[in-house]
Amino acid sequence: EHVDRLTTDDTPDLVVIQVYITNAYRAYRLADLYRARGAFVALGGLHVTSLPQEAAAHADAIFLGPGDQTFPRFLADLRADRARPVYRAADGRTLERIPPVRRDLIRRTRYLVPNSIVVSRGCPQHCDFCYKDAFFAGGRSFYTQRVDEALAEIARLPGRHLYFLDDHLLGDPRFARALFDGMRGMRRLFQGAATVDSILRGDLIERAADAGLRSLFVGFETLTPGNLRRSGKRQNLNRDYAAVTRRLHDLGVMINGSFVFGMDDDGPDVFARTVEWAVAQGITTATFHIQTPYPGTGLHARMERERRITTRNWDLYDTRHAVYRPAGMSARELEEGYEQAYREFYTWSSIARASRAHGTVKHQAKHFFYAAGWKKFERAWDLVIRARQLPMVTPLLEGVLSKVTRCGTRAEAAVPPGLETRPTAFETR
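Residue numbers 1294 to 1722, in my numbering, belong to the letters of the sequence shown in order.
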């Protein structure tokens, strides 16, 4: 529904809906509507796996966990008129022999990034605020495609730009090394996500940059070690965050930094501190979140025990609302601070100052135009999308993502004033 109007006057035999928490109520309404017309309705996804009893009330069959193996089994059962009410992913999970995505069914002109691709499932880490452990329970929680199959899919994609939607593109070093080596010479430009520790370890990030990596989503999450320990994000503990930004910037890779507010060691000063650090480090774009205790996660279980969850309205579980009682501030302070962080990070002065953290005029200009285009022209993007003119913007995106080599960073941006004596996650022992 983000890209096309949904009509509900049809009468299909089978309706399949992937449910995530903030579309759950809409998904259930659609499921009920189609079941009333006699359609067989199947529901799956993160939210269904977390709350199967809730979802089962609106479906003829539900899928728990990844469906790569269970969905073909379900289709065979449905044809034989013996479909089961629950399909649970078990062990033996693999991405081998999975048929290629039917990209001919996708209306490419309606997507800014039509070449999205996933070459792995899950993540090797175990953060307590993440759905992953619940979703992949009962089997492997991280596995990859065969390298040759991944490269073949990449080769089939038109254009230059790719977006890897994997939770952790560097999660399997052997696979990632072979993938990036195989991509060299393809003249691709790509974006993806990785963890702090994987960026600092070995030469994987250099291989990625040589293969065309131009922008990376990095989960810094918090500048406070206590928050990292409590959330189980050990891959960030005792890591030099500033070294991460320097290494990526030296390779010409822009950073989309992820930060979470409202953890138990956060006070009202966390918003200004985080924004100041991100701007001083030359972070190109930032994604801020209010900590959200999703059902099925360790964080949700802990907050349930502590009786801190204040609502179960899933529409509010969008990382923009406080759905629990924070430890170090009020819920209102948390929501207002979150909004203020976005406003402050994306002011013209902050964008200009962050761009000056880079060592060359070319990289400064690249930072400025990408960050400004990301947030300052949201209404223009909406008009472009509605006018179905996204393909005209692709050359602009590829131009901004063009390589900037060995640009360097300005030393004075390493640590912002006022943070030198404060214990932070980027300190090393």
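Idealized CB from N, CA, C, for every residue including glycine. Here the structure is a predicted model, which is why all the values come from computation and not from measurement.
Enclosing beta strand (DSSP E) for residue i [first to last residue]
i	result
residue 1587	It is not in any beta strand (DSSP E) - residue 1587 carries neither H nor E in the DSSP assignment.
residue 1454	1454–1457
residue 1739	Because residue 1739 is not part of the residues shown, which for the chain are 1294 to 1722, the question remains open.
residue 1547	1547–1554
residue 1436	1435–1437
residue 1379	1379–1381
Coil, strand or helix - residue i by DSSP
i	result
residue 1312	coil
residue 1529	helix
residue 1703	Its pLDDT being 47, under 50, residue 1703 is placed unreliably in this model, and the value from its coordinates should be taken loosely. DSSP places residue 1703 in coil when its eight states are reduced to three.
residue 1660	helix
residue 1351	coil
residue 1593	helix
residue 1483	strand
residue 1409	strand
residue 1414	strand
residue 1510	strand
residue 1357	strand
residue 1534	helix
residue 1300	coil
residue 1461	coil
residue 1399	coil
residue 1295	coil
residue 1651	strand
Pairwise C-alpha distance: residue j and residue i
i	j	result
residue 1595	residue 1519	16 Å
residue 1616	residue 1444	42 Å
residue 1641	residue 1696	24 Å
residue 1294	residue 1587	23 Å
residue 1346	residue 1465	34 Å
residue 1496	residue 1693	25 Å
residue 1631	residue 1593	21 Å
residue 1398	residue 1449	15 Å
residue 1351	residue 1300	19 Å
residue 1614	residue 1583	7 Å
residue 1298	residue 1335	21 Å
residue 1605	residue 1655	48 Å
residue 1314	residue 1626	24 Å
residue 1438	residue 1562	43 Å
residue 1371	residue 1598	41 Å
residue 1560	residue 1303	52 Å
residue 1639	residue 1687	23 Å
residue 1550	residue 1571	8 Å
residue 1331	residue 1365	22 Å
residue 1386	residue 1433	7 Å
Endpoints, the alpha helix (DSSP H) within which residue i is located
i	result
residue 1623	First-last for residue 1623: undefined, no H or E at that position.
residue 1332	Residue 1332 -> no alpha helix (DSSP H), and no H or E assigned at all.
residue 1475	1466–1476
residue 1389	No alpha helix (DSSP H) contains residue 1389, which DSSP labels as neither H nor E.
residue 1614	First-last for residue 1614: undefined, no H or E at that position.
residue 1688	1683–1693
residue 1672	1671–1679
residue 1446	1440–1449
Cβ-based burial, residue i [other Cβ within 10 Å; buried from 16]
i	result
residue 1590	buried
residue 1318	exposed
residue 1320	buried
residue 1538	buried
residue 1410	buried
residue 1556	buried
residue 1608	exposed
residue 1652	buried
residue 1363	buried
residue 1622	buried
residue 1477	exposed
residue 1468	buried
residue 1682	exposed
Could you tell me whether the region 1472–1489 touches the region 1503–1518, where touching means 3 or more Cβ pairs closer than 8 Å? yes
Please determine if the region 1401–1421 and the region 1563–1583 are in contact, where contact requires at least 3 C-beta pairs separated by less than 8 Å. no
Pairing CB atoms from the region 1420–1427 with CB atoms from the region 1524–1533, are three or more of them under 8 Å? yes
With three or more beta-carbon pairs closer than 8 Å as the criterion, would you say the region 1344–1359 touches the region 1375–1392? yes
Touching or not, the region 1652–1668 and the region 1385–1392, by the rule of three or more beta carbon pairs under 8 Å? no
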